[in-house]
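Accompanying notes for the structure given below.
Chains as they are written, first to last, in the working numbering: chain S, 4 to 570; chain X, 2 to 58.
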């Protein structure tokens, strides 16, 4: 019998709540979606599914939120996704936003990264918050949704696939039970039990470097910026990273000396001596601090080759394990969840066929492979794996004091939204080539400030959206007819008119006035009628110079099946 | 040189250093330096680059 640890975890800043485990009783009705793992990605997926009235059951082997601060940096793209899940505002209230990253070598600041930020950005490029708070906010929203059941203290111990679904064996403090479900989503992290139960293995590279992650409470009068110290005197050849977190906590990461065991590195005396040496180097000698949490992390860049296996779907770290350099862990997982949620919902509602889920796997495996390529560069710079890489890295560090041209070789590039340029969902015969500006097919749409505390993406919902840039008093009749045909089947298609002069365009669900033409310019809408077909996950599926149903319908059919018929 | 090219050169040099016999790395780098100097065809600039490379070792 599974006996989860019900002692509240210790923390110097977070008060853990222990939840009662779910104990099986009575008949277990078949579920539509079972999500294994109530971490940030699993809960986000459940909330995104709830927007389509899809209920889900979250299976969590623990009885409290995550131990330690773990994922502490969320990107703007993640915040846009978390806004759809309903928690972005709370994160923004307590999180620490930032946009600068600094690299230090021999006391010189040799490179400063500036992440772009302009008035069209509702969220900062990065925001820091300990994972426990993010999970707490998501959990509050999960409870509010009324469609998501969290089963704490329930551990997946077996699963078998049938033609039409999955049977999961789940162990609890009261013994095992079986849960049948149409779909099972593995959101159970880097050590995914779903993955191992199914005998699937990750492909890719493991790096030799192991990193210590330590959180300390300390009062440092430094701004919220990322700090990287290369080849510090107290830890020659290695790299030390620092991040500020809310509530007076700092994260310090550094590489373990070659051959040292994690147990030794985490021994308090050893850890404390290194933290003191680092504080001395950055000018805070003797400053008192308190240890919050520490752990050892190995840099790996691995992915499954396919994220859909029968009726089991993988998301987040269960699907791929990515190096933390460049904040690519949780931030990649949120993008998985956003891509999967609408596709799973459309499939469950019968609005689309399974090929939509094939596109999930294609798009996100593609994204993971691109991230692995990029993260590989960052990782090789942080922890050079060979003599050749070490020689080149040291040459760049030595040059960096006087030669700015090597700056980009520090590989500060961070997690960014992926462009699904080759997606099977992109239209093949649209007017993509006519646009000089604006998001390309497969790209996420950019946010635009419309007014005081009012941005384009604030108006987004779970629908497929048609953005029509128009000065006409009404949308074309054949387009509103097309919308009605879809709606008759339950498919959410929303018509958004963006107008320079009109406050209301007939036939549009919502008209967004754009008197200065800022949105028009950003989307390259040079002529009246420019139209974007945008997927629920805010990625462009097609764009045209004019708005006509006979061109929109075939593009929509890539997202939705049986367009011409009633369900 | 654009960033992508610079990255490629960085990786190519790293991989070549690893590929040549360990006791020939200096020889390889010296040969590469002479070839690059010859291609530059500017003795004054090459002299300045040598000074620059010597700094902050």
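Every residue, glycine too, gets a C-beta built ideally from N, C-alpha and C.
What residue from the options has the CA that sits closest to residue i's CA?
i	options	result
residue 412 (chain S)	S:430, S:540, S:384, S:439	S:384
residue 449 (chain S)	S:540, S:382, S:485	S:540
residue 161 (chain S)	S:171, S:477, S:418	S:171
residue 234 (chain S)	S:151, S:394, S:128, S:315	S:394
residue 11 (chain S)	S:30, S:67, S:29	S:67
residue 2 (chain S)	S:296, S:100, S:289, S:13	The structure shown does not extend to residue 2 (chain S), since chain S spans only 4 to 570, so no value can be given for it.
residue 180 (chain S)	S:159, S:189, S:193, S:166	S:159
residue 121 (chain S)	S:535, S:149, S:476, S:521	S:521
residue 110 (chain S)	S:525, S:284, S:57	S:284
residue 498 (chain S)	S:472, S:248, S:30	S:472
residue 514 (chain S)	S:166, S:543, S:178, S:476	S:476
residue 538 (chain S)	S:495, S:512, S:527	S:495
residue 255 (chain S)	S:279, S:313, S:236, S:261	S:279
residue 33 (chain X)	X:18, X:49, X:58, X:4	X:18
residue 436 (chain S)	S:446, S:546, S:407	S:546
Against chain S, with Cβ distances strictly below 8 Å, would residue i count as a contact?
i	result
residue 51 (chain X)	no
residue 41 (chain X)	no
residue 6 (chain X)	no
residue 35 (chain X)	no
residue 17 (chain X)	yes
residue 31 (chain X)	no
residue 46 (chain X)	no
residue 57 (chain X)	yes
residue 28 (chain X)	no
Output needed for residue i: all residues of its chain with C-beta closer than 6 Å, excluding positions within five of it in sequence on either side, in chain order.
i	result
residue 38 (chain X)	47
residue 17 (chain S)	135
residue 265 (chain S)	299
residue 305 (chain S)	205, 207, 324
residue 153 (chain S)	41, 61
residue 410 (chain S)	114
residue 81 (chain S)	334, 337
residue 399 (chain S)	409, 412
Nearest chain X C-beta to residue i closer than 8 Å, yes or no?
i	result
residue 411 (chain S)	yes
residue 394 (chain S)	yes
residue 59 (chain S)	no
residue 390 (chain S)	yes
residue 381 (chain S)	no
residue 401 (chain S)	yes
residue 252 (chain S)	no
residue 377 (chain S)	no
residue 405 (chain S)	yes
Counting only the same chain and skipping the five closest in sequence on each side, list residues whose C-beta sits under 7 Å from that of residue i.
i	result
residue 53 (chain X)	none
residue 273 (chain S)	267
residue 414 (chain S)	380, 381, 384
residue 228 (chain S)	101, 103, 104, 105
residue 504 (chain S)	474
residue 320 (chain S)	192, 193, 332, 336
Once DSSP output is grouped into helix, strand and coil, what is the label at residue i?
i	result
residue 240 (chain S)	coil
residue 354 (chain S)	coil
residue 300 (chain S)	strand
residue 515 (chain S)	strand
residue 22 (chain S)	coil
residue 531 (chain S)	coil
residue 643 (chain S)	For chain S, the structure presents residues 4 to 570; residue 643 (chain S) sits outside this window and is missing.
residue 195 (chain S)	coil
residue 502 (chain S)	strand
residue 51 (chain X)	helix
residue 287 (chain S)	coil
residue 39 (chain X)	helix
residue 189 (chain S)	strand
Taking 8 Å as the limit between beta carbons, can you name the residues of its chain near residue i, skipping five residues before and five after?
i	result
residue 75 (chain S)	131, 132, 133, 134, 246, 248, 254
| said: Please identify, using Cβ separations under 8 Å, the residues of the segment 99-132 of chain S that lie next to chain X, in order along the chain. | reply: Against chain X - using a Cβ distance shorter than 8 Å - the residues of the segment 99-132 of chain S are 109.
| task | Scan the segment 359-375 of chain S for residues whose Cβ lies nearer than 8 Å to a Cβ of chain X and list them as they occur along the chain. | result | Those residues of the segment 359-375 of chain S that come within reach of chain X (Cβ to Cβ, closer than 8 Å) do not exist; the list is empty.
| task | Note down, in chain order, all residues in the segment 63-94 of chain S with a beta-carbon under 7 Å from any beta-carbon belonging to chain X. | result | Listed by position, the residues of the segment 63-94 of chain S near chain X (Cβ gap below 7 Å) amount to none.
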